[in-house]
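The numbers in numbering that gives the first Met the number 0 rise by one with no breaks, and the one at position 5 of the sequence shown is 4. Cβ atoms here follow ideal geometry from the backbone N, Cα and C, with glycine treated the same way.
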Amino acid sequence: MKIVDLKLHVLKSPLAEPFAFSQGWVHQRSATLVEIITDEGISGWGEAFAQGLEPPEIGAAVIQHALKPLLLGADPLDIEVLWHTCYHRTRDYGRKGSVVAGISAVDMALWDIAGQARGVPVWKLLGGRFRDKVQPYATGFYRIQGQGEAQRLAEEALRHHDAGFSLMKVKLGFGVDDDIACMHAIGKAIQGKPIRLMIDTNHAYGRAEALRLGRALAEFDLLWYEEPVVPEDIAGYVEMRQHLTMPIAGGENEHTLFGYQQLLAAGGVDIAQPDIGSCGGITAARHIMALAQSMGVRVNPHVWGSAIAQAASLHVIAAVPVAHHSLFASQPVLEYDRSSHPFRQALVQHPLTLRDGWVDIPDRPGLGIEVNRDVIQQYDTLA
Ligand code: CA
């Protein structure tokens with residue numbers, strides 16, 4: 000089998016109501032998609048994670064100009080070889096960020112092809128699944144004003160609960176006092192309900208404020224505290240772990256086994272969160288999983304992309320071993336972003352659905368997605 004073409008799609012859709020996370024206002028949803036076409040009638044889909052504020056054209060340019068020439072004519076089943084080829088040939092200007100996101104998209108598509116070629120789901124190629132369903136957690140609690148929205152967020156928590164979620168991640172990082180007020184309002188609203196919360200400041204604070212927030216929220220028995228400080232401050236991560244009681248999570252802005260090696264060896268996180276569309280794809284996730292396993296660190300993929308990245312994330316989650324085995328070991332959970340996103344439910348034939356509060360691991364071949372071409376056409380800015 001040979002790769003004969005790579006087609007890029009940059010999808011954009013303005014949001015009717017912009018929302019904020021701690022790093023800025025999100026005005027549009029976007030996705031960078033790649034379709035790798037082979038000479039045997041099989042094609043695979045991949046997605047480069049476009050961060051909330053990132054122009055999706057960057058990842059597309061990486062794939063078009065840097066990676067496509069390396070891949071045309073290659074055997075798509077040589078996945079590991081192609082990963083290293085792409086990484087080495089972009090090292091001097093890559094290693095992180097959108098270049099690795101481009102590699103991630105290509106890698107995801109190659110795994111999709113490999114699964115289809117063998118008639119098995121990607122998790123089977125990864126060595127099998129440890130679980131056939133995963134508990135989702137609601138990511139939400141974005142701001143529409145910025146501060147002073149505690150009451151609205153408390154009502155939002157109840158909506159997630161009514162929709163079947165018992166795990167929820169609250170976006171914080173809008174000022175420590177405002178954050179604490181929001182958490183108290185949410186805590187009051189959900190009191191007595193079987194709900195666990197996580198928090199995510201998207202590295203809004205320096206160490207002192209990040210610690211102050213963590214200490215003030217000790218009573219919430221948080222499942223984790225995500226991105227408390229900037230990804231560059233690995234010593235800051237270590238400090239959080241030393242002084243706070245809840246597990247510290249991070250890694251959506253870290254990349255490849257090389258980046259993770261530094262974060263994990265320093266003891267920076269309790270929970271590593273590679274994003275499959277940004278860490279270097281499924282191949283890099285596999286490297287990172289082995290690395291984390293060797294250090295007793297839990298892996299819980301991050302996902303904020305379209306239905307394609309969600310599918311890739313589900314296959315990896317299926318294949319993540321537990322870090323600490325026991326009869327009732329902690330299992331990875333699925334990030335389920337509840338903000339409005341036109342490239343999720345409509346983009347594929349079998350979108351994520353909640354069944355009794357859980358999401359099934361797909362068992363169709365490859366990533367198990369069938370992309371709706373009319374949705375691509377509707378939003379594709381390159382078409
Ligand atoms: Ca996050």
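Integer-rounded CB distance, given that residue 76 should sit under 8 Å from residue 104
That belief does not hold up - the Cβ atoms of residue 104 and residue 76 are roughly 18 Å apart, past 8 Å.
Sub-9 Å separation of residue 141 and residue 197 beta-carbons:
no
Under 9 Å between C-beta atoms of residue 318 and residue 126:
yes
Residue 199 beta carbon near ligand 1 (any heavy atom closer than 8 Å):
yes
Starting from residue 238 and walking both ways along the alpha helix (DSSP H), at which residues does that stretch end?
233-242
Name, in chain order, the residues that DSSP records as bridge partners for residue 27.
13
Please say whether residue 50 and residue 277 have beta carbons closer to each other than 9 Å?
Yes, they are a contact pair.
Less than 6 Å between C-beta atoms, sequence neighbours within five positions excluded: which residues of the same chain meet that for residue 111?
43, 44, 365 and 366
Rounded to the nearest angstrom, how far is the Cβ of residue 383 from that of residue 146, given a contact under 8 Å?
Because the chain here runs from 0 to 382, residue 383 falls outside it and cannot be looked at.
Reduced DSSP secondary structure (H/G/I, E/B, other) of residue 32:
strand
Just the C-alpha distance for residue 19 and residue 25, rounded to the nearest angstrom, thanks.
6 Å
Option in 106, 83, 134 and 257 with minimal Cα separation from residue 334
Minimum Cα distance to residue 334 is reached at 134.
Straight-line Cα distance separating residue 208 from residue 70
46 Å
If I'm right that residue 168 touches residue 199 with Cβ under 8 Å, what's the distance once you round it to whole angstroms?
5 Å between Cβ atoms; contact.
Would you say the beta carbon of residue 324 is closer than 8 Å to some non-hydrogen atom of ligand 1?
In this structure, the C-beta of residue 324 stays at least 8 Å away from each heavy atom of ligand 1.
Beta-ladder partner(s) of residue 189, from DSSP:
Answer by DSSP bridge pairing: none, since residue 189 is not bridged.
At a cut-off of 8 Å, is residue 301 close to ligand 1 when judged by its beta-carbon and the heavy atoms of the ligand?
yes
Is any heavy atom of ligand 1 found at a distance shorter than 8 Å from the C-beta of residue 226?
yes
Presumed contact (8 Å Cβ cut-off) between residue 106 and residue 249, rounded CB distance
No, residue 106 and residue 249 are not in contact; Cβ-Cβ is about 22 Å, not under 8 Å.
Under the three-state DSSP convention, the category residue 265 falls into
coil
Find the nearest neighbour of residue 212 within the set 143, 155 and 247, judged by alpha-carbon distance.
247
Between the CA atoms of residue 289 and residue 352 - distance to the nearest angstrom:
30 Å
Residue 282 in three-state terms, based on DSSP:
helix
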